[in-house]
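What follows is one structure encoded as structure tokens, with my remarks underneath.
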């Protein structure tokens, strides 16, 4: 029987043995939940990747320092304060967060707790607010889709919508689930992970194997998202596996496929919810001599391309010009450009097209830009991004420091 991957409800609570909760700690200046807790009933193996930005939040170093033998069981995440660039007090606050979660859950060590933070950089962390929030969340833990959704909402900052997805894997050598939540809207051009992504599975898999699979999955999903070209100080991508299903996937491919389906959906939701975005944009590059992703990301991060997409302007010249400055070898005389199904430029020559029809098609919520560089055996890549609207400037001009 072939392995089948089916979408299910539940987010991080879809796999067996995981619970979630949220609390309104008052860390951010709003009346919304701002602290999330994800807990496994069993010790977990894990995969962890953190930002490659040399300016890193305390939580990133903490998470990357957790050892497999710790058997971590929890993730705590706050929104509203990045706990970054704030001196040794921030490091102490991060440890205190882990300790308080461990105490609230009856765990043996703070090393069983992953800590994540998102929000304004350079502010002292309000531990006096966070600790009561942890207690509230610990008492509210549930294994339900609603609990996962509350946790997904609690980790948002400038995001407009929560991001959640889960699947069930059925068939030979299968019978397990994978679920995830994520946040991200601005300062998104990950160089290892992406914003914040927390994934759970009840599959049984050892940490070294899971870490290697996770690295490949992150590279093909979260590494392919860009909103504005800025890499965060706080990027974290975590996966916890508690083995509660009793199923050990019979191949890395089965586990990897399931993780990739979930992470791909989360990545696209992040791109679609970019700050001020009006549409999800898929950039496809084929036939490249060198790394196609470099070319695709250069196009995706071009302000001129992104503003043209917002204005529904089929300006293929901006697309080609961005590709030409990517640093990768390109021969414009072999290049062809499409927006959706509309061919605009073919093998070095502009193609007559109905501008009004193409512009109308660009008003859709999802738009695809394709660039073929004319090498049939060349490299290919797909990157997800969004347009730049007036609201992107407004949101970031008004974001407090």
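In the numbering used here, the protein residues as written are 8 to 408.
Cβ atoms here follow ideal geometry from the backbone N, Cα and C, with glycine treated the same way.
What you are looking at is a predicted structure, and each value in this text was computed from that prediction instead of being measured.
Own chain, CB closer than 7 Å to residue i, minus 5 neighbours either side, in chain order
i: residue 137; result: 32, 34, 42, 85 and 104
i: residue 267; result: 224, 227 and 228
i: residue 388; result: 292, 299, 300 and 303
i: residue 100; result: 90, 132 and 134
i: residue 347; result: 368, 374 and 375
i: residue 197; result: Caution applies to residue 197, whose pLDDT of 44 falls short of 50 and renders its modelled position unreliable; the value that the coordinates give is listed next. Only 229, 230, 232, 238 and 242 meet the Cβ criterion.
i: residue 370; result: 319
i: residue 317; result: 285, 394, 395 and 396
i: residue 362; result: 321
Helix, strand or coil at residue i [DSSP, three-state]
i: residue 45; result: strand
i: residue 10; result: coil
i: residue 91; result: coil
i: residue 73; result: coil
i: residue 183; result: strand
i: residue 202; result: coil
i: residue 276; result: helix
i: residue 66; result: helix
i: residue 308; result: coil
i: residue 107; result: helix
i: residue 372; result: coil
i: residue 365; result: helix
i: residue 197; result: With a pLDDT of only 44 at residue 197, under 50, the local geometry of the prediction cannot be trusted, and the value read off the model is given with reservation. Three-state DSSP puts residue 197 in coil, outside helix and strand.
i: residue 351; result: strand
i: residue 397; result: helix
i: residue 135; result: helix
i: residue 302; result: helix
i: residue 19; result: helix
i: residue 359; result: coil
i: residue 379; result: strand
i: residue 271; result: helix
i: residue 39; result: coil
Cβ-Cβ separation, residue j to residue i (assumed contact under 8 Å), whole Å
i: residue 403; j: residue 366; result: So it is not a contact: roughly 27 Å between Cβ atoms.
i: residue 187; j: residue 254; result: In fact, because the Cβ distance is near 18 Å, the residues do not count as touching under 8 Å.
i: residue 265; j: residue 177; result: The pair is not a contact, with the Cβ atoms about 11 Å apart (cut-off 8 Å).
i: residue 246; j: residue 17; result: The pair is not a contact, with the Cβ atoms about 16 Å apart (cut-off 8 Å).
i: residue 44; j: residue 19; result: About 10 Å; that fails the 8 Å criterion.
i: residue 156; j: residue 169; result: 6 Å
i: residue 189; j: residue 250; result: Their Cβ separation, rounded to whole angstroms, is 23 Å, which puts residue 189 and residue 250 out of contact at 8 Å.
i: residue 400; j: residue 378; result: About 27 Å separates the two Cβ atoms, so there is no contact after all.
Proximal residues to residue i (C-beta, below 6 Å), its chain only, five neighbours per side dropped
i: residue 259; result: 220
i: residue 271; result: 228
Any non-hydrogen atom of the ligand PLP within 7 Å of residue i CB
i: residue 347; result: Annotation note on the ligand PLP: not contained in the displayed structure, which lists no ligands.
Pick from the options that is closest to residue i, judged by C-alpha positions
i: residue 384; options: 294, 373 and 25; result: 294
i: residue 14; options: 247, 161, 63 and 269; result: 269
i: residue 242; options: 124, 368 and 54; result: 124
i: residue 28; options: 151, 272, 364 and 189; result: 151
i: residue 382; options: 398, 393, 359 and 339; result: 339
i: residue 108; options: 130, 142 and 127; result: 142
i: residue 47; options: 159, 208 and 334; result: 208
C-beta neighbour in chain D for residue i, strict 8 Å
i: residue 172; result: Within the model displayed, chain D is absent; a lone protein chain is all it includes.
Proximal residues to residue i (C-beta, below 8 Å), its chain only, five neighbours per side dropped
i: residue 67; result: 57, 58, 240, 241, 242 and 243
i: residue 364; result: 349
i: residue 325; result: 309, 311, 312 and 315
For the segment 221-269, which segments carrying the beta strand (DSSP E) assignment without a break, of at least 3 residues, lie completely within its bounds, in sequence order? 243-248
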